Amino acid sequence: MYQYLLWDIDGTVLDFLASEAHAIRALFQKYGLGVCSDDMLRQYSAINVRYWEALERNEMTKPEILVGRFRTFFERIGADPALAAPFNSDYQLALGDHLVFVDHAEEMLRAQKGRYTLIAVTNGTKVAQTKKLRRSGLDRIFDAVFISEDVGFEKPNPAFFDHVFSKTGIADKSRVLLIGDSLTSDMRGGELAGVDTCWYNPAHSANTRNIPVTYEIDDLRELERILG
Numbered sequence: 004m005y006q007y008l009l010w011d012i013d014g015t016v017l018d019f020l021a022s023e024a025h026a027i028r029a030l031f032q033k034y035g036l037g038v039c040s041d042d043m044l045r046q047y048s049a050i051n052v053r054y055w056e057a058l059e060r061n062e063m064t065k066p067e068i069l070v071g072r073f074r075t076f077f078e079r080i081g082a083d084p085a086l087a088a089p090f091n092s093d094y095q096l097a098l099g100d101h102l103v104f105v106d107h108a109e110e111m112l113r114a115q116k117g118r119y120t121l122i123a124v125t126n127g128t129k130v131a132q133t134k135k136l137r138r139s140g141l142d143r144i145f146d147a148v149f150i151s152e153d154v155g156f157e158k159p160n161p162a163f164f165d166h167v168f169s170k171t172g173i174a175d176k177s178r179v180l181l182i183g184d185s186l187t188s189d190m191r192g193g194e195l196a197g198v199d200t201c202w203y204n205p206a207h208s209a210n211t212r213n214i215p216v217t218y219e220i221d222d223l224r225e226l227e228r229i230l231g
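This is the structure:
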């Protein structure tokens with residue numbers, strides 16, 4: 004049935020929150036900001052999500068959201084917002100310093116290698132994603148990698164997926180399955196692109212946006228059943 008598996012990276016293959024926490028805490032030390040508490044990390048994560056969703060709605064540019072999220076965060080915790088730009092630059096590289104695979108992601112990808120065409124589709128920055136893919140070995144597992152900065156469009160924009168289909172020679176969309184953890188970028192993107200979707204939802208979050216999904220799983224091993 005499926006021949007092409009489009010995999011999101013952050014939150015689906017790699018544990019983004021683990022990398023995020025490690026990077027921010029390390030940079031707090033570098034910039035003399037003291038200890039970054041768990042509560043601060045929660046505040047930042049919430050701010051970060053809001054900024055990325057604004058990007059997905061084409062309300063802000065990528066540079067605006069990357070620096071803006073840290074400016075808002077620093078204002079919230081009483082740090083100097085002027086640090087936002089240099090902090091973000093260091094953060095992009097620091098994200099690749101601590102990599103943790105999502106449960107069963109690596110084993111599923113290795114099992115699929117050679118049986119399916121494996122394609123990475125990510126909105127992460129080129130600097131961060133290139134380092135993460137290289138250090139994790141994912142660059143040797145995926146058959147193709149598409150980073151939004153290279154494509155020129157962000158998920159869920161259909162133009163992002165049109166580019167992927169064109170470059171990989173995908174003509175039959177019924178042979179495509181998009182696997183991701185984000186309703187707003189992955190599942191909405193799949194819907195707009197006209198392909199089946201698999202929502203990886205280990206936290207059992209409610210689909211409050213009523214975005215249609217083909218499959219919903221809380222364990223990546225369930226892909227074996229879906230793929231047959």
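Numbering (the numbering used here), first residue to last: 4 to 231.
Even glycine gets a Cβ: it sits at the ideal position worked out from N, Cα and C.
Given the structure is predicted, the values throughout are model-derived calculations rather than measurements.
query	result
Exposure of A108, with buried meaning 16 or more beta-carbon neighbours within 10 Å	buried
Environment of D106 [buried if 16+ CB atoms lie within 10 Å]	exposed
Beta-carbon proximity check, D199 vs T187, cutoff 8 Å	no
L195 - DSSP class collapsed to helix/strand/coil	helix
Among R28, E59, G35, nearest to M278 - alpha-carbon criterion	No statement about residue 278 is possible, as the shown extent of the chain runs from 4 to 231 and does not include it.
Residues near M43 in its chain [Cβ-Cβ closer than 7 Å; skip 5 each side]	I80
For D222, the three-state DSSP class (helix, strand or coil)	coil
Spatial distance of P161 from G155 (CA atoms)	12 Å
3-residue-minimum beta strand (DSSP E) runs that sit fully inside the segment 138-212, ordered along the chain	147-150, 179-183, 199-203
V70, enclosing beta strand (DSSP E) - first and last residue	V70 -> not in any beta strand (DSSP E); alpha helix (DSSP H) instead, spanning 65-80.
Any alpha helix (DSSP H) of 4 or more consecutive residues that is wholly inside the segment 24-64	41-59
DSSP three-state assignment for L121, whether helix, strand or coil	strand
Reference H101; option with closest CA among V124, F90, R137	R137
Strand pairing of K116, partner residues [DSSP]	Y119
Environment of E23 [buried if 16+ CB atoms lie within 10 Å]	buried
Nearest to P66 (by Cα), restricted to the options C201, V130, H166	V130
Which residues DSSP lists as bridging L8, in chain order	L121, L180
Proximity to K170 [Cα-Cα], best of F77, D18, D146	D146
Distance, R228 Cα to V70 Cα	42 Å
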